[in-house]
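Numbering (the numbering used here), first residue to last: 309 to 497. The structure under discussion appears below in the form of structure tokens.
Spelled out as structure tokens, the structure:
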């Protein structure tokens, strides 16, 4: 009875360990390829023939979108629009299906509002586009600006709960500083 129990224990361990060992040995020169699906790696380099495609994903030329011009504020609707410039660094088209985030003051974390894009965007390889995100400021946010930022030209803000859907891939960032954003002069009018 003990011999059978020991044999079955060794057999169970072998059934689990041998396939894992074979896979690790097969990917020994590209351990990221063991974790990152080839479809994701191919999206980064635009081909499926490169054996070490994961390294181009890790070393890709992605940069955060850069603010363009000053945000525009409409006092009637309490909406603010932010325009960001983004370049597709990939060799394949990229579709941004969703982008939404909260905006908070970087210095004291006061919630200012939410922003989102109104419709999906598709970027061809190397294309640079301006992305406009729209947001609604709360009455508390407007009062915050008027009491804490009168006479100032900009505010350092963070995106919170930034959710982006790029070609079906969901990316969530808890908090990302986007730097100083000009305060629309219409806000104080």
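Here a beta-carbon is modelled for each residue, glycine too, at the ideal position from N, C-alpha and C.
Practice item. Could you spell out where the beta strand (DSSP E) holding residue 381 opens and where it closes? Key: 380 to 382
Exercise for review: Can you have a look at residue 322 and say buried or exposed, based on whether 16 or more other CB atoms are within 10 angstroms of its CB?
Suggested key: exposed
Exercise for review: Round the Cβ separation of residue 490 and residue 373 to the nearest angstrom and send it over; I've been treating them as touching at under 8 Å.
Suggested key: Residue 490 to residue 373, Cβ: 16 Å. No contact.
Exercise for review: Flag this pair as yes or no: are the beta carbons of residue 467 and residue 484 separated by less than 8 Å?
Suggested key: yes
Practice item. With DSSP collapsed to three states, give me the class of residue 418. Key: coil
Check your understanding: Among 473, 475 and 496, which has the Cα closest to the Cα of residue 449?
Key -> 496
Exercise for review: Just mark residue 324 as buried or exposed, buried being the case when its beta carbon has 16 or more other beta carbons within 10 Å.
Suggested key: exposed
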